[in-house]
Amino acid sequence: MVKLHTADENCDEGTTRAICIELVANRFLRKMVRVLVATAIREAAAGAEEDALLNLMEATCRRATAPPAPPDGLCLVDVGYEDFNRQRCFIVD
87 MVKLHTADEN CDEGTTRAIC IELVANRFLR KMVRVLVATA IREAAAGAEE DALLNLMEAT
147 CRRATAPPAP PDGLCLVDVG YEDFNRQRCF IVD
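Structure (structure tokens):
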């Protein structure tokens with residue numbers, strides 16, 4: 087699940103505009119969040135359609151996405167865990 091929020095109301099010259107991106111998943115690959123953020127920013131700046139990110143998910147070529155965004159400014163807010171379920175564990179005793 088991805089949610090995009092912008093904080094640009096009452097944004098005067100010289101102030102910083104912010105985009106809040108909420109990502110919820112059961113796991114992420116290395117640099118995946120940074121690629122998603124960079125691609126979302128690139129598509130928004132280009133005036134892409136609302137479903138542009140969904141269309142990019144179907145692309146088989148990695149070059150369809152933007153390179154990873156720098157980690158500066160990215161902030162992990164929360165991590166949640168479900169109760170441990172031994173049946174979902176791949177480790178065999």
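Under the working numbering, the residues of the sequence shown are numbered 87 to 179, in order. Just so you know, even glycine gets a beta-carbon here, dropped at the ideal spot from N, CA and C.
Among the options, the one whose alpha carbon lies nearest that of residue i
| i | options | result |
| --- | --- | --- |
| residue 106 | 128, 166, 134, 161 | 161 |
| residue 152 | 139, 159, 158 | 139 |
| residue 117 | 154, 146, 150 | 154 |
| residue 119 | 146, 169, 147, 158 | 158 |
C-alpha gap between residue i and residue j, whole angstroms
| i | j | result |
| --- | --- | --- |
| residue 114 | residue 133 | 27 Å |
| residue 164 | residue 137 | 27 Å |
| residue 109 | residue 171 | 23 Å |
| residue 166 | residue 135 | 32 Å |
| residue 88 | residue 122 | Low confidence applies to residue 88: its pLDDT is 49, below 50, so where it sits in the model is not reliable, and the reading given next is rough at best. Going by the C-alpha atoms only, they are around 10 Å apart. |
| residue 150 | residue 104 | 25 Å |
Start-to-end residues for the alpha helix (DSSP H) that takes in residue i
| i | result |
| --- | --- |
| residue 125 | 118 to 131 |
| residue 138 | 138 to 143 |
Buried or exposed (CB count within 10 angstroms, at least 16 for buried), residue i
| i | result |
| --- | --- |
| residue 126 | buried |
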